[in-house]
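Since the structure comes first, as structure tokens, the remarks are kept for the end.
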Amino acid sequence: MQKREGKTALVVEGGAMRGIFAAGVLDAFMEQAFLPFDMVIGVSAGSINAAAYLANQKGRNYKVFTDYSLRPEYISWKKFLKGGHLMDLDWSWEITGRELPINTDVLFSKNVDFEIGITLNKDGNSKFIKANPENLSDVMKASCSVPLFYRNFLKIDDDIVADGGVSAPIPVQRALDKGANKIMVIRSRKSDYRMKNGNENKLSRFLFRKHPGLAKAIQNRPEIYNQSIHLIHHPPNGVEMIDVCPADSFATKRFTTDIDILNKDYLLGKEQGLEAIKQWNDR
């Protein structure tokens, strides 16, 4: 394989509660002091996992997923059916920001290019924002604002935005565009998963008729997702990809609140994190 000049990158997928897997992988990385990346790109829950990793806060997001995210104030179908949030990011951000703040001093002391993806409602395009101590919290929250399940729309740089995982569910292309030639991708679904059009996609034109760009991005998401998987499996000449996917036993879904399942899948992430380190070092 022809080698080209480039950089190393880590790409972290979102997936709401499925992010427990990446939390385990990245905690294993921290235990092994493994940080070989020039750049880190996260979307949605992947941005939170990436931030805690770069801040060297082992266990921080394990607690977010297995404590704060299981409290009735966060995920509530009852509130959702009455017109409120299914996932109350406002409550979550306030309490975790107060009780489990990201250590920005450590995060930004590292010489790592950290970007977070968001979706622009006006045209459905992705925008990747370089994180800094001033914008980190707001941009992560915006990237996690899943349309419909969180009913507010946030603004970043005067743009109305939504979940970064809508327009760039696995932003591996962004890493390539920035010159990466050795890329590790931490995903939140099993390796054989391919996205299909569901009811959420079919209803998007009606649900988000005031945000046609967002509706378009939701409709295009399965195609973009599957194209990203194809790119991971068929990288350009001179590019190495390491695909870290949950094993077949992975059981966490987007809104899983079963602590036993979450604990099992966190430990699965830690195990596969150690394997990912070996795979990286052997290349």
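Numbering (the UniProt record's numbering), first residue to last: 1 to 283.
Even glycine gets a Cβ: it sits at the ideal position worked out from N, Cα and C.
Three-state secondary structure (DSSP) of residue i
i	result
L35	coil
N152	coil
M241	strand
A175	helix
L203	coil
D159	strand
R187	coil
N263	helix
Q2	Interpretation of Q2 is limited by its pLDDT of 38, a score under 50 that renders its predicted location unreliable; no figure is taken from the coordinates.
A180	strand
P147	strand
N197	coil
K82	coil
D138	helix
K278	helix
S249	coil
L210	According to the sequence provided, residue 210 is Lys. The question's Leu does not apply to it. DSSP places K210 in coil when its eight states are reduced to three.
I170	coil
P235	coil
S76	coil
R283	coil
R221	helix
Distance CB(residue i)-CB(residue j) smaller than 8 Å
i	j	result
L154	V146	no
Q272	V25	yes
I232	A276	no
I129	I118	yes
K58	M30	yes
I224	P169	yes
S143	V43	yes
G198	G14	no
S47	Y74	no
L136	T104	yes
D282	G213	no
R209	A215	yes
R60	A50	no
residue 287	S204	No statement about residue 287 is possible, as the shown extent of the chain runs from 1 to 283 and does not include it.
K141	L89	yes
P222	K196	yes
Same chain only: Cβ atoms within 8 Å of residue i, ignoring 5 sequence neighbours per side
i	result
M39	K7, T8, A9, L10, V112, D113, F114, E115, A175, K178, A180
L274	A28, Q32
F80	L86, F149
F65	M17, G19, I20, A23, L262, Y266
V139	S47, I116, I118, I129, A131, I156
P236	L176
Cut-off 6 Å between Cβ atoms - residues of its own chain near residue i, not counting five sequence neighbours on either side
i	result
K186	First, the residue type needs correcting, since residue 186 is Ile and not Lys in the sequence shown. Only V12, A22, V25, V244 meet the Cβ criterion.
H85	Y150, R151
H211	N121
R4	In this predicted model, R4 has a pLDDT of only 46, less than 50, meaning its place in the structure is not dependable; the value taken from the coordinates is given anyway. Taken in chain order, the residues that qualify are N181, G238.
L107	L54, A55
T257	L70
residue 325	Residue 325 cannot be examined here, being either before or after the span of the chain that is shown, 1 to 283.
D159	L120
E240	K182, R283
M1	Here M1 scores only 33 on pLDDT, less than 50, and its place in the model should not be relied on; the value that follows carries that caveat. Around M1: no qualifying Cβ.
7 Å Cβ shell around residue i - same chain, five flanking residues per side excluded
i	result
H172	The sequence shown places Val at residue 172, not His. Only V11, I183, V185, S228, L231, I232 meet the Cβ criterion.
E250	Looking at the sequence shown, residue 250 is not Glu but Phe. Only F21, K190, D265, L268 meet the Cβ criterion.
P133	T104, F108
L207	L148
Completely contained beta strand (DSSP E) runs for the segment 87-134, where each covers 3 or more residues: 113-120, 126-130
Segments of 3+ residues assigned as beta strand (DSSP E) that fall wholly inside the segment 5-74: 7-12, 39-43
Stretch-stretch touch, CB-based, cutoff 8 Å, three pairs: the segment 64-75 with the segment 182-197: no
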